[in-house]
Structure formats: C-alpha cells, structure tokens
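Undergrad: Mind having a look at this structure? Questions to follow.
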C-alpha cells in the first residue's frame, strides 16, 4: 500500500507515524515544502525571547533527537522529502505531481493521500508592506530575520499589527529583548476572538503595567519607510508611530489551493471533512490547519488552527488509512497562553458570541485564589463562566490570572464535552488540599454564582454598566462595604454617590441607606457584597452587586 502525505507538520507526520505503527509494510512518503519537518511552530516566540535556544530544539523528541529526514527514515522507515513541493493531484490516476529541490519534476502514486498542508499567515495589503523590516512570525526564517535585526542593533521599537494570540506571545518575546513594543488592534479591545471585553481588559491593563503600548480601535493605514527600511507606521491615517520592525500578526488562512485545484469540497473554513477526516474523495483524508472543524457547542463549522488539534487529527487519519474507523468529534476552541507572568485560558463561546447566536445566557465574574487563601504563594485568578439561562448548560469559560488556570479550563472542557450543566460542575469531586486548591474551588464558586443568578438569588451590574450610570449622572448609591484599611490600600471609586459602611457594621447601620434609590454594592471580589445583597433584599431595598467586585473596575 502506498501512502502519500503532503505536509510535514504536526498532522502530517503524526498521521504517517501512526500509519507506520499500524502497518509495517506500507510505503509511506511525506512531501514537505520546508526544510524543517516536524517543527513546533508554536515555540517560535520563545525562540525569539531566548527561552528556547535553537530552532532544532523545536524539532527534538523527548529524548533529545532532532526529527529530521534521517531520523524518520532510520527510526520510522518513512521517506520525508524536504524542500519538495506538491503541485498537482490527479485523483483519477491517484498521482501527486511534485517539484524537487533541483527543480525537476516527479510523480508519486498513492492508495491513500493525506492533505496536511497547514496554513499561511495573512499579510495586509497596505502601502510599503514589502519594505525591509516588515515580517510575520510563521517560520524560522522570520524569527532569524528579527534576531538578526536585534543583533545588528537596529531593532529598538516594534509595532505588532494584531492583538490576538500571536501578537501577545510575540510582544513578550520582543520585550524580553528590551524592544519597545506597540500593539495595534482594530477592535475595541485586544483578543476579541478569544475573550469578552472585561477579561481582555484585565490582560490589557497588565500589558500596560509591563510597558507594552496598546492601541485599540486603531488601524495601520500605511507603513512609513526611509531608504527602503521601516521607519514607522501611520495609525488611522494621521498619527505616526516610529518603529524599526512591523510584525503582522492578524491570523492565518488554510492552505486549500491543492484541494481546490483537484475539485475537493472546500468551505471558507478549510477543506471539508467528515468525522473520519475523510474529504469528498474517499481516498483522500485531510487534517490540521487546512481543514474545517465541527464546533461542539453549536454543531457549526469553525476554523481552529491549533497544534493540539492537528496532532489529534493525525492520529485519527493514521488509523483510518490503515483499516481503522476512528472518529474526531470536534473542538471547543480551547486556547491557553501566557504573557509575562499572566496566564490566560478560554474555551467555548464568549458571552458576546453566544448572544449573537441567540442564546439567553447567564454569566458570572468570580475572582478568587488558586489555592487555599492562607497557603503561601497562593495567587489570584479571575473566572468568567457562561451558561444557558434555561438549562444551565455550560457554553464557555474564560480564566485570567497569575495562578493556576490550566487545570481549571481543562475541567470546564471536560464538562462541556459531556454537555454538563453548572449544576453538574458545582458538584464535581475535584482534588482538594490547601497547597492545590481552596476547599470550594474558585471554579465551583463560579458555578454556584451562576446557579444563584438562575434561581433569582443574585442580580449583578457590570463595571461597564456602572461606569455608564456614573457618567450619566444618575441618582443612585454605591455602597462600599470594605474595611477602612482596604479602602485606603486598594482601588476605589471616587464619587459623591459612594457611601462607606464596613461589612461588619452593615446590619446595625443599614437604615442609613435610602429605600427610594437603587443601591450598587461593592467589595473587593464580590463575595461579601453577595451576603449584604441578600440581607438588604430581605429588608426591601432595590440593590445589585458589582459583578466581580472592584477586581473588574478599570477606571
């Protein structure tokens, strides 16, 4: 049996290796246009930032062997043809036409063909986009170009176009080189495809603290040059920002040219595949960044170019081209990254997207510690949980903080794969000991907060809604129930409508509050405000709690 794989990245080589483990007799050939098969592209920002020391480190096995052509031939008996381009697929004859490094042409016969052609970075069509100093970060050559500029002492300021995942990771890498970084994002806030506004603002505030300039609602309309090199950018047609490097980090597009050329079914999300990752041709399978996926929350197609997904695709394909019947159910769009010391994770729908799709959602913002509050080195995290109001089904989650967020987002992912509700999540038997978690984990606290809202036991107001009420001059009361030392030490709302009654004095002094005005109750993270809310509601007051407390106050 002849198996040809086009693409030597995560999906392609995973499929080839899985096929070899299941069938020792098959002839397996991988065609890769790059000179770097099995490259962990996700590690390129860490190479720039000096955390990873060589490009080959991104190609090594756990035992330290570089996965090059020789490795795959000797260890796996897989032929990897690097610097070789697949240029045409003849489905009727089952032939792939290739162009070798020397320019000569050849043909490969296949019984099964795997398309793992990946994606390519989007380059914006703006004036001077081809100038020296304009790049993406997609391959080692891009990384070396950036490092060469730094080595030559001509990289002091950089503008990153795009406030998404690649932009965040590259911002840290460049900052580690003492480069002054400006992020330019066209939307109202950074990470718009991943986070809701208040969670993104946590990240944005932290970036500013770390010296990163962030410009939202901004567009680079022109790249400025001097003697053919980048000298700056023009923002929104007027403001000029000087820089030596312009990094385009506005996403990637699936490489579907070969699929289109041979008339396979393709959508705007990539090559169309079924649950077996089979294309519209039963002899051709596809996976990785070039295909569309099924979004498990809605059942709709989605584009999720992630190395983790590509590896899973590869295993499924490797099974199915060697007689198996493995299935890939779909994705939740789970993402995690760090920016300096801040951890950011998300999965499922954002609140914004859920509302656009017509869901009646209920959400919560819950700050808390990542382990017992009295245990040394506990660190804060902030959780946003999104659920369907009627059923309690979990639709998504976002977690930002300096503490442990990965295990908590993975718990939510597990719950969502089971179509679990917040009622289920609230009773998950999670691991507990003070060095690892609070007795009631902050994630379970979030689930309980959503349940309280569903049961009519809690009504909240967002920080944006509260800011709007203040700016409009509305007549209401902000009740700050923190203790005196907290008010002095932490952020506070400076306004004549703020009334301060400490938490432990409220039951004795609640009659000082007006019955005829709305009362917004605030504390540091919202837990004490909930207690006061329940008490004041029992006394007939019209009140709400600031969702997430002052941990989510940005002004």
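In full-length UniProt numbering, the protein residues as written are 1 to 555. No residue lacks a Cβ here, since even glycine has one placed at the ideal position from N, Cα and C. The model shown is predicted, which means the values in this text are computed figures rather than measured ones.
#1: Closest to residue 20 by C-alpha separation, out of 6, 306, 2, 100, would be which residue?
#2: Does the distance from the CB of residue 314 to the CB of residue 14 come in under 7 Å?
#3: Where residue 126 and residue 245 are concerned, what is the direct C-alpha to C-alpha distance, given to the nearest angstrom?
#4: Would you list, in sequence order, the uninterrupted beta strand (DSSP E) runs of no fewer than 3 residues that lie entirely inside the segment 435-497?
#5: Going by DSSP, name the residue or residues bridged to residue 28.
#6: How would you call residue 418, buried or exposed, if buried means at least 16 neighbouring beta carbons within 10 angstroms?
#7: Have a look at the DSSP bridge pairing and note the partners of residue 229.
#8: Which whole runs of the alpha helix (DSSP H) in the segment 168-214 are 4 residues long or more, in chain order?
#9: Apply the 10 Å Cβ neighbour rule to residue 448 and answer buried if 16 or more other Cβ atoms are within range, or exposed otherwise.
#10: Once DSSP output is grouped into helix, strand and coil, what is the label at residue 319?
#11: Do you know whose CA, among 452, 550, 517, 215, lies nearest residue 494's CA?
#12: So the candidates are 54, 378, 26; which of them puts its Cα closest to the Cα of residue 76?
#13: With distances taken between CB atoms, is the gap from residue 426 to residue 444 smaller than 7 Å?
#14: Look up residue 504 in the DSSP assignment and say whether it is helix, strand or coil.
#15: Give me the DSSP bridge partner(s) of residue 248.
#16: Alpha carbon to alpha carbon, how far is residue 439 from residue 372?
#17: Which residues share a DSSP beta bridge with residue 364?
#18: Please go through the same chain and pick out, in chain order, the residues whose beta-carbon is closer than 8 Å to the beta-carbon of residue 450, but skip the five residues on each side of it.
#19: Is the beta carbon of residue 394 less than 7 Å from the beta carbon of residue 409?
#20: With DSSP as the reference, label residue 115 as helix, strand or coil.
#21: Give me the Cα-Cα distance between residue 168 and residue 345, rounded to the nearest whole angstrom.
#22: Would you mind reading off the limits of the alpha helix (DSSP H) that contains residue 408?
#23: Is the beta carbon of residue 58 closer than 7 Å to that of residue 160?
#24: For residue 305, does the count of other Cβ atoms within 10 angstroms reach 16, so buried, or fall short, so exposed?
#25: Please confirm if the segment 193-212 is in contact with the segment 103-122, defined as three or more CB-CB distances below 8 Å between the two stretches.
#26: Return the CA-CA distance between residue 188 and residue 242, expressed in angstroms with no decimal places.
#27: With residue 558 as the anchor, note down where its beta strand (DSSP E) starts and where it stops.
#28: Since residue 134 and residue 156 are thought to touch, with beta carbons under 8 Å apart, how far apart are those beta carbons, to the nearest angstrom?
#29: Using a 10 Å radius around the Cβ and a threshold of 16 neighbouring Cβ atoms, would you call residue 96 buried or exposed?
#30: Would you call the segment 459-470 in contact with the segment 527-546, where contact means no fewer than 3 C-beta pairs closer than 8 Å?
#31: Need the endpoints of the beta strand (DSSP E) that residue 543 sits in, please.
#32: Are at least three pairs of beta-carbons, each pair with one atom in the segment 224-244 and one in the segment 61-79, less than 8 Å apart?
#33: Which value, in whole angstroms, describes the spacing of the CA atoms of residue 34 and residue 286?
#34: Should residue 561 be labelled buried (16 or more other beta-carbon atoms within 10 Å of its own) or exposed?
#35: Indicate whether residue 339 and residue 366 have their beta-carbon atoms separated by less than 7 Å.
#36: Tell me which same chain residues have a C-beta within less than 6 Å of the C-beta of residue 88, skipping the five on either side of it?
TA: Short version:
#1: 2
#2: yes
#3: 15 Å
#4: 477-480
#5: 3
#6: exposed
#7: 132, 226
#8: 197-209
#9: buried
#10: helix
#11: 550
#12: 26
#13: yes
#14: helix
#15: 161
#16: 7 Å
#17: 385
#18: 362, 363, 364, 385, 387, 392, 422
#19: no
#20: strand
#21: 13 Å
#22: 406-417
#23: no
#24: buried
#25: no
#26: 23 Å
#27: This structure gives no information on residue 558, because the portion of the chain shown stretches from 1 to 555.
#28: About 16 Å; that fails the 8 Å criterion.
#29: buried
#30: yes
#31: 543-546
#32: no
#33: 19 Å
#34: No answer is possible for residue 561: the residues shown for the chain start at 1 and end at 555.
#35: no
#36: 97
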